[in-house]
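*Asks:*
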Amino acid sequence: MPASDELYPPTQYGWGWILVAIGVLLLLALAAWLLIVLTRPKRSITLLGTAQYVPPAAEVLAQLRSEYLADVQRIEDAYRSGNMDPRRANLELSRTVRSFVNEYSGLEAPVLSLDDLVARGVDPALIDAIRRHYYPSIFQRGPAIDPAYGAEAARKVVTTWR
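Take a look at the structure:
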């Protein structure tokens with residue numbers, strides 16, 4: 028087959044394709060900028076120990092105590108009536124006491140372990156209740172500790188918490 032002796036120049040892209048490429052690059056740059064801006068931490072985050080907690084008024088604290096004492100009594104009554112097993116009752120008492128401490132003082136007690144609470148120097152009544160009544164009943168094998176003792180410890184924490 029005879030070939031033609033003519034040379035053809037390379038095909039050039041039109042201006043429309045260059046504008047499309049520039050537009051795609053700008054969209055990618057905008058998406059990267061949005062990703063960076065939206066995933067950065069907020070500047071209002073406070074460091075541990077720097078936040079100032081303002082306790083609520085005395086009447087609010089008295090109401091809070093009475094509500095949590097009623098919760099402790101409800102849990103103890105459910106256990107005594109046979110509607111709740113000892114392990115579950117101690118778990119509920121632990122949650123109730125930790126929630127009270129959280130609402131009363133702002134301490135994140137529901138998510139802190141016993142070691143974390145000890146390291147923060149919380150009230151010994153809370154440490155004693157968790158160590159002697161709630162943790163052994165919840166996490167150890169064997170029979171759970173009688174929740175009546177845990178309820179008394181919970182009442183002590185709720186009534187004496189500073």
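For the working numbering, count along the sequence shown from 1 and bump the result up by 27. For each residue, glycine too, the CB sits at the ideal point set by N, CA and C.
1) Under three-state DSSP, which class holds ALA175?
2) Between ALA178 and VAL64, how many whole angstroms is the CB-CB distance? I'm expecting something under 8 Å.
3) From ARG115 to SER108, what does the alpha carbon distance come to, in whole angstroms?
4) Output yes or no for whether 9 Å exceeds the beta carbon distance between PRO174 and PRO113.
5) Alpha carbon to alpha carbon, how far is ALA48 from SER132? Give it in angstroms, no decimals.
6) Which word fits LEU55, buried or exposed, when buried means at least 16 other C-beta atoms lie within 10 angstroms of its C-beta?
7) Would LEU91 and VAL124 qualify as a contact pair, given that the criterion is a beta-carbon distance under 9 Å?
8) What would DSSP say about SER121, mapped onto helix, strand or coil?
*Replies:* According to the structure shown:
1) Looking up residue 175 in the sequence shown gives position 148. Looking at ALA175 - three-state DSSP - the assignment turns out to be helix.
2) Within the sequence shown, residue 178 is the residue found at index 151, counting from 1. Within the sequence shown, residue 64 is the residue found at index 37, counting from 1. Between VAL64 and ALA178 the Cβ distance is about 51 Å, and since that is not below 8 Å, they are no contact.
3) As a position in the sequence shown, residue 115 is number 88, starting the count at 1. As a position in the sequence shown, residue 108 is number 81, starting the count at 1. Taking the straight line joining both Cα atoms gives about 14 Å.
4) As a working note, residue 174 is residue 147 in the sequence shown. As a working note, residue 113 is residue 86 in the sequence shown. Going by C-beta atoms, PRO174 is nearer than 9 Å to PRO113.
5) Locating residue 132 in the sequence shown gives position 105, where the first residue counts as 1. Locating residue 48 in the sequence shown gives position 21, where the first residue counts as 1. In a straight line, the C-alpha of SER132 is about 58 Å away from that of ALA48.
6) In the sequence shown, the residue the question calls residue 55 occupies position 28. With fewer than 16 other Cβ atoms within 10 Å, it is exposed.
7) For this step, residue 91 is matched to residue 64 along the sequence shown. For this step, residue 124 is matched to residue 97 along the sequence shown. For LEU91 and VAL124, no; Cβs fall outside 9 Å.
8) Taking the first residue of the sequence shown as 1, we reach residue 121 at position 94. In this structure, SER121 counts as helix in the three-state DSSP scheme.
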